[in-house]
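What follows is a set of notes on a single structure, which appears directly below.
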Amino acid sequence: MPELSDVTDPGYLEGLAGWSLAEVRTRRQEATETETGLSYLRRMVQGTLDLVMAEQRQRKSGERADV
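Residues 8 to 74 (this note's numbering) make up the sequence shown, in order.
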């Protein structure tokens, strides 16, 4: 899987007009894989953030609840 910096580099699309259909499909697949990886990472970070925020609210209110 390519790195985000590879896919977002302006040079990543150089020569696009001359690419074969197979090359276009390969690049699209690489971009999709990168997006999927970023989406997964975002969900993991958001889940952790949700737990931390719930714990902070709990401590502020003094109530105990299952998170």
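For each residue, glycine too, the CB sits at the ideal point set by N, CA and C.
What does the alpha-carbon distance come out to for the pair residue i and residue j?
i	j	result
Ser68	Glu62	10 Å
Asp57	Arg64	11 Å
Trp26	Glu37	15 Å
Thr33	Glu21	14 Å
So which of the options has the shortest CA-CA distance to residue i?
i	options	result
Pro9	Thr41, Leu58 and Glu21	Thr41
Asp13	Arg35, Glu70, Arg71 and Gly54	Arg35
Gly11	Met60, Arg71 and Thr43	Residue 11 is actually Leu in this sequence, not Gly. The option with the nearest alpha carbon to Leu11 is Thr43.
Is the stretch 17 to 32 in contact with the stretch 45 to 56, if contact means three or more CB pairs nearer than 8 Å?
-> no
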